[in-house]
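Enquirer: Take a look at this one; I'll ask things after.
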Amino acid sequence: MNRRTFLKSTGAGLLVAGSGMAWAQSAPRPLPLIPLTDLTGGIEGRISLALNKASHDFGTGAQSETFGINHDYLGPVLRVKQGQTLPFDVVNNIGETSTLHWHGLHIPGDVDGGPHQEIAHGATWSPDVPIVQHASMNWFHSHMHGRTARQTYSGLAGVLLVEDDASLSADLPKTYGVDDFTLILQDKMFDGSGKMTYALTAEVFEDGFEGDTLTVNGAIAPVAQSVPTGLVRLRILNACNARFLELSMQSGPITVIASDGGFLAAPVEAASILMSPGERYEVLVDMSTVDSNELTVNMDGGGSFFASLFGGNAATTVLTLTRRAEAGFDGAMPRRLANLAPPKASEASVTRSFQLEMDVGADLAALAASWDNFCGDAGAMAINGQPMKMDRIDEVVRKGNTEIWRVSVDDQLHPFHIHGCSFRILSQNGAAPPAYAAGWKDMVHVEEGWSEVLVRFDYEAPKDAPYMYHCHILEHEDCGMMGQFTVG
């Protein structure tokens, strides 16, 4: 079947925008369900995660070269329980060195999967990862120094859902693929034949990679899912390299029940929520009184592809939910979710300041021309005047101390991530965080003024396995906007 016949028969289309070419579906296709591995009932033997080279059709009719974890693109959804220890065997078959970082987990540095835990091609990394935290949505992705952006973009990412006794007994939707769905949102770039592309330019180094086509679970948006009558739960990950996504519902407010590190004190209704790269939110949609509802996305900042694609309207549909006649989850919208006391800045004994710096004199155009889709020696950007160096420890933290970390930038909007912990946001861009971001987090963003978080580290990270702090625009991280710290 040639490309024109494929487009005519499937509804996949190539739209020529002012800045290039973007793919879209003329009608929603079914939501792909990421395969679930449910380990909450017990673990038998070691858990194999194979990093593989593969190919994947995003909906263009062409096979793109990808990486996957046990699959041709992305990894599984792992559902685990607090108190378990996860015996992983991570096998690297992608033809180059990689790592696998457990983003959001409260774990010691030697099993964190950061850039010091490299896995050579053909080798196996076998960490025993303890699950100590409360219910939360976490994820895992490549953290190979200098190559995190390309490897994660190519598909080395998956979701890890932590449950606990309270979440398993809570009156909330939890039947996977029926009333409980995991959504991995990404932006992609495709060439005229429909194959995924990734290339670094001076502009990409500066802004981070921004694709012109939105995908959901590896399929070009929009997608659709029929659901029974009642509440529906969406667990959402922004796995873009650099794009901020502003999410809302077509009908009614968006109701947030959890952020990166777990449940909020109570549901929060908002007109929209802003998700930085790496952030996660869980939302509830009431499908008891409407026949359909849509999750929509706006691109934050200068993203122009939606305006080009959809006739000047900056919003597009991510997911359409349609109601079936059968009864589903019949519980009411919860009033309370978790005991969540306000953060107390007075408990902090140390304050640290971090300035994220774009302009350290590197010629980004020359850098892009010199290296093959990675950032070379990672010396183009910095934090506190220091580009990331694998053999330098930037901060030394005492285990159990409560600290305030203050983050500022010299240019642009940046998401900031700290390994090995969850924290509470005291201020974001110099103001109180929105109510939906007032719970446990491991991501904060900053553009103007300071963002401040209250954080404590309860697990050790030695010199040979330090934690990272970094901008979560992956190209910035690769280019040196990252530091490392020990806890002891």
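Numbered by UniProt numbering, the letters in the sequence shown go through residues 1 to 488 in order. Cβ coordinates follow ideal geometry from the N, Cα and C atoms, glycine included.
Can you check the UniProt domain "Plastocyanin-like" (59 to 166) for any beta strand (DSSP E) of at least 3 residues that lies completely inside it and give the ranges in chain order?
Expert: Whole beta strand (DSSP E) segments, 3+ residues: 64 to 69, 77 to 81, 85 to 93, 101 to 103, 128 to 130, 136 to 141, 157 to 163.
Enquirer: In whole angstroms, give me the CA-to-CA distance for G109 and K441.
Expert: Roughly 19 Å between the two C-alpha positions.
Enquirer: From the DSSP output, in three-state form, read off C479 for me.
Expert: Note: C479 maps to coil in three-state DSSP.
Enquirer: Could you have a look at A325 and say whether DSSP puts it in helix, strand or coil?
Expert: Here A325 sits in strand by DSSP.
Enquirer: Which word fits K81, buried or exposed, when buried means at least 16 other C-beta atoms lie within 10 angstroms of its C-beta?
Expert: That one is buried.
Enquirer: For a test of the three-state rule: what should DSSP assign to E282, helix, strand or coil?
Expert: E282 falls in the strand class under three-state DSSP.
Enquirer: Going by C-alpha to C-alpha distance, which of V350, T486, I34, V159 sits closest to G177?
Expert: For G177, the nearest C-alpha among the options comes from I34.
Enquirer: Please check the pair G261 and G439, which I expect to be a contact at CB under 8 Å, by giving their CB distance rounded to whole angstroms.
Expert: 7 Å between Cβ atoms; contact.
Enquirer: Among all the DSSP beta bridges, which residues are the ones paired with A50?
Expert: Its beta-bridge partners are V91.
Enquirer: I need the straight-line Cα distance from G83 to V77, nearest angstrom please.
Expert: Near 19 Å, if we compare the C-alpha coordinates of V77 and G83.
Enquirer: Using the C-alpha atoms, what's the distance from V397 back to V350?
Expert: Distance between the alpha carbons of V350 and V397 is about 9 Å.
Enquirer: Tell me the DSSP secondary structure of S370 in three-state form.
Expert: Helix, per DSSP.
Enquirer: Across the segment 207 to 215 and the segment 354 to 373, are there enough close Cβ pairs to call them in contact, namely three or more that are closer than 8 Å?
Expert: With a cut-off of 8 Å, the segment 354 to 373 and the segment 207 to 215 do not count as touching, because too few Cβ pairs lie within range.
Enquirer: What is the DSSP secondary structure of D291, counted as helix, strand or coil?
Expert: Residue state, collapsed to three classes: coil.
Enquirer: Relative to the alpha-carbon of L284, which residue among V232, V268, D330, E246 has its alpha-carbon at the smallest distance?
Expert: Among V232, V268, D330, E246, the Cα nearest to that of L284 is on V232.
Enquirer: By Cβ distance below 6 Å, which residues in the same chain neighbour Y469 in space, the five residues on each side in sequence not counted?
Expert: Counting only Cβ-Cβ distances below 6 Å, and skipping sequence neighbours, we find I418, G483.
Enquirer: Specify the secondary structure class of Y198 as computed by DSSP and reduced to three states.
Expert: It is coil, neither helix nor strand.
Enquirer: Determine whether the beta carbon atoms of W125 and N92 lie at a separation below 9 Å.
Expert: The answer is yes: Cβ separation under 9 Å.
Enquirer: Just to confirm, are L245 and V297 a CB contact at a threshold of 9 Å?
Expert: Cβ distance < 9 Å, so L245 and V297 count as in contact.
Enquirer: By Cβ distance, which residues of its chain are closer than 7 Å to R150, with the 5 residues on each side in sequence left out?
Expert: Cβ neighbours of R150 beyond the five flanking positions: Y198, N373, F374.
Enquirer: Note down, in chain order, each residue of its chain lying with its Cβ closer than 8 Å to the Cβ of V227, except the 5 sequence neighbours on either side.
Expert: Excluding residues within five positions, the ones whose Cβ falls inside 8 Å are V178, D179, M287, L321, T322, R323, R324, G328.
Enquirer: Helix, strand or coil: how does DSSP classify V204 here?
Expert: The answer is helix: DSSP assigns V204 an H, G or I state.
Enquirer: Pick helix, strand or coil for S346, following the three-state DSSP scheme.
Expert: Of the three classes helix, strand and coil, the one that applies to S346 here is helix, per DSSP.
Enquirer: Could you tell me the distance, in whole angstroms, from the CA atom of G146 to the CA atom of P334?
Expert: Spanning the two alpha carbons is a distance of roughly 44 Å.
Enquirer: If you draw a straight line from the alpha carbon of E65 to that of A24, how long is it in whole angstroms?
Expert: The straight-line gap from Cα to Cα measures roughly 19 Å.
Enquirer: Among H121, D187, N384, V159, which residue has its Cα nearest to the Cα of G480?
Expert: Residue N384 is the option with its Cα nearest to G480.
Enquirer: With DSSP collapsed to three states, give me the class of S251.
Expert: The answer is coil: DSSP assigns S251 none of H, G, I, E or B.
Enquirer: May I have the straight-line CA-CA distance separating I425 from F485, to the nearest angstrom?
Expert: Rounded to whole angstroms, I425 to F485 spans 20 Å at the Cα level.
Enquirer: Assign S276 to one of three DSSP states: helix, strand, or coil.
Expert: In the structure shown, S276 sits in coil (DSSP, three-state: anything other than H, G, I, E or B).
Enquirer: Would you report the Cα separation of A382 and M196, rounded to the nearest angstrom?
Expert: Spanning the two alpha carbons is a distance of roughly 30 Å.
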